[in-house]
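Protein chains: 2
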Amino acid sequence: MTDFTPTERTQVHRLPKRGAYDRETVYRILDEGLVCHVGFVADGKPVVIPTGYGRKGETLYIHGSTASRMFRALSKGADVCVTVTLVDGLVLARSAFHHSMNYRSVVIFGQATLLEDPAAKREALQVFTEHVAPGRWEEIRQPSVKELQATTVLAIPLQEVSAKVRTGPAIDDEEDYALSVWAGVLPLDLAPQTPLPDERLPQGIAVPEYVRSYSRKAR
Amino acid sequence: MTDFTPTERTQVHRLPKRGAYDRETVYRILDEGLVCHVGFVADGKPVVIPTGYGRKGETLYIHGSTASRMFRALSKGADVCVTVTLVDGLVLARSAFHHSMNYRSVVIFGQATLLEDPAAKREALQVFTEHVAPGRWEEIRQPSVKELQATTVLAIPLQEVSAKVRTGPAIDDEEDYALSVWAGVLPLDLAPQTPLPDERLPQGIAVPEYVRSYSRKAR
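Each protein sequence line maps, in turn, to chains P and D. Under our numbering, the first residue of the first sequence is numbered 1, with each subsequent residue one higher. Under our numbering, the first residue of the second sequence is numbered 1, with each subsequent residue one higher.
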């Protein structure tokens, strides 16, 4: 896979060593995340809306409601910026100044295309479902024709894309290492808790393996 | 505390019962979150950048670098949209169509003000530090005059603000409740893992209580 080519707006200027343009890094972040933040311009002003998404190959899919501002703007081909951020840990340095966070983020610039073909929409809905819970699509009731019509899907090509990654320990000023203050990294993880079965679940239906051993890592 | 007054762009039109405008709900989400997504317009196009933040009273503070596109745009009073999203769980319904997520989000519209007064900047840095780890400010080396000068802080008033919250179980179509598929909610939590002490930490410095029992909840 060839790397993304940095553009004026995807080139990481601040702390350039944190920038990454290879598809493996970008796709791994996108595949681990659950929510993206979609930025668009409405009446000349910025709007940022969180929403679910899915990726297949070189395309990111998002849902939209026909009635929403976001959908109205994006389905007409307005410019969009989609950002996915994973928080990996707190970097607790010896000085306030050097406190930081370990994180991985991806920023995508482009324009969305409205999917109209029912088969393409159906495939995108499969991508959404499998993004959240791999294996689930085959178990559930798949979308009816009416549901497909009621769902609007936007496709955003992964072309103008960059990632930014911070890992590792705090970097303190040399003279601060002697201070008697705890320093280190507190890793954070979006961790699954105990599943809550639906109250109307018929008896004898076990929690599926993909829920019991749920993890966003290494997807 | 009086509620936020919905405006044309903060009124939640889609699924209006998910909208919330009371300060307690909004502040709780902001105080639990670690990263916000800052949206602004550059050359007529949307840009969304993740960054840390802190809140004090009716003001949200973000860091900026003088050299960054974001800082250059925002410090001149450009319109900004700041969004904070917490993912609380996967809502695994019996049909693909009714899959959802439990989440809480806040969207803030406004304009940023550049803090110039050193005392105000210093207070904002305290807010940042205490937002990440309450109690830490008093333990660490606080910012020098030079560090204060190198830090740019933007203040965004919490005036045009709304929250959106989804909680609870999957809502399935009545005829789908008979299906033999597991359904329920898988709660997710940004959970602290084992702290990683810095390699250059002097012996005998214990992990502080606020790190050992770290939680983003009930702040």
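Just so it is clear, CB atoms sit at the ideal spot from N, CA and C, and this is done for glycine as well.
Any chain P beta carbon closer than 8 Å to residue i
| i | result |
| --- | --- |
| glutamine 111/D | no |
| valine 12/D | no |
| threonine 85/D | yes |
| serine 75/D | no |
| arginine 141/D | yes |
| valine 41/D | yes |
| aspartate 79/D | yes |
| proline 46/D | yes |
| tyrosine 27/D | no |
Residues that residue i contacts on chain D, provided the C-beta gap is smaller than 9 Å
| i | result |
| --- | --- |
| alanine 191/P | Leu188, Asp189, Leu190, Ala191 and Gln193 |
| valine 145/P | None at all; the shortest Cβ gap to chain D is about 12 Å. |
| methionine 101/P | Leu34, Val35, Gly52 and Val132 |
| valine 165/P | Per Cβ cutoff of 9 Å: no residues; valine 165/P is ~12 Å from chain D at best. |
Beta-carbon proximity list for residue i, same chain, < 6 Å, skipping 5 on both sides
| i | result |
| --- | --- |
| histidine 37/P | Val48, Pro50 and Thr83 |
| serine 75/P | Leu114 |
| aspartate 22/D | Asp3 |
| leucine 188/P | Val87 and Gly89 |
Coarse secondary structure for residue i, derived from DSSP in three states
| i | result |
| --- | --- |
| methionine 70/P | helix |
| alanine 178/P | helix |
| lysine 121/D | helix |
| threonine 25/D | helix |
| isoleucine 214/P | It should be pointed out that residue 214/P corresponds to tyrosine in this sequence rather than to isoleucine. Coil. |
| aspartate 189/D | strand |
| proline 6/P | coil |
| proline 16/P | helix |
| leucine 196/D | strand |
Beta carbon proximity, residue i to chain D, threshold 8 Å
| i | result |
| --- | --- |
| leucine 125/P | yes |
| threonine 5/P | no |
| lysine 121/P | no |
| aspartate 222/P | Only positions 1 to 219 of chain P appear in the structure, and residue 222/P is not among them; the question remains open. |
| isoleucine 171/P | no |
| tyrosine 21/P | no |
| serine 68/P | yes |
| valine 205/P | Correcting the residue identity first, residue 205/P is isoleucine in this sequence and not valine. At least one chain D Cβ lies under 8 Å of isoleucine 205/P. |
| serine 105/P | yes |
Chain-ordered neighbours of residue i on chain P, where CB pairs are closer than 8 Å
| i | result |
| --- | --- |
| glycine 135/D | Ordered by position in chain P, no residue passes the 8 Å Cβ test against glycine 135/D, which lies about 11 Å from the chain. |
Contact with chain A by residue i, beta-carbon distance below 8 Å
| i | result |
| --- | --- |
| histidine 131/P | Reference to chain A is not applicable here, since the protein chains of this structure are P and D. |
7 Å CB neighbourhood of residue i in its chain, flanking five on each side removed
| i | result |
| --- | --- |
| alanine 73/P | Phe40 and Ala42 |
| leucine 221/P | Absent from the model: residue 221/P. The displayed extent of chain P is 1 to 219, so no value can be given. |
| arginine 122/D | Pro143 and Leu148 |
Beta-carbon proximity list for residue i, same chain, < 8 Å, skipping 5 on both sides
| i | result |
| --- | --- |
| isoleucine 140/P | Thr129 |
| arginine 254/P | A query on residue 254/P cannot be resolved here, the shown segment of chain P reaching from 1 to 219 and no further. |
| arginine 9/P | Phe109 and Glu160 |
| leucine 92/P | His99, Ala170, Trp182, Ala183, Gly184, Val185 and Leu186 |
| glutamine 11/D | Gly19 and Ser162 |
| arginine 216/D | Glu32, Gly33, Leu34 and Leu190 |
| aspartate 172/P | Ala93, Arg94, Ser95, His98 and Ala183 |
Contact list for residue i against chain D, beta-carbon separation under 7 Å
| i | result |
| --- | --- |
| proline 208/P | Trp182 |
| tyrosine 53/P | By Cβ distance, chain D contributes nothing, its closest Cβ being about 11 Å from tyrosine 53/P, past 7 Å. |
| isoleucine 115/P | Reading the sequence as shown, one finds leucine at residue 115/P and not isoleucine. Residues of chain D passing the Cβ test: none, with the nearest at roughly 15 Å. |
Cross-chain neighbours of residue i in chain D, by beta carbon under 8 Å
| i | result |
| --- | --- |
| histidine 63/P | The premise fails here: histidine 63/P is roughly 10 Å from chain D at the closest Cβ pair, so nothing lies under 8 Å. |
| proline 197/P | Trp182, Ala183 and Gly184 |
| leucine 201/P | Trp182, Ala183 and Gly184 |
Contact test: residue i Cβ vs the ligand PLP heavy atom, cutoff 7 Å
| i | result |
| --- | --- |
| threonine 5/D | The ligand PLP is absent from the structure shown, which contains no ligands of any kind. |
Contact set between residue i and chain P, taken where Cβ atoms lie within less than 7 Å
| i | result |
| --- | --- |
| serine 95/D | Ile140 and Arg141 |
*Could I get the ranges of all uninterrupted alpha helix (DSSP H) runs contained in the region 123-166 of chain P, with 4 residues as the minimum, in chain order?*
145-150
*Any chance you could list the beta strand (DSSP E) runs of at least 3 consecutive residues sitting entirely within the region 43-118 of chain P, in chain order?*
45-56, 59-64, 79-92 and 100-111
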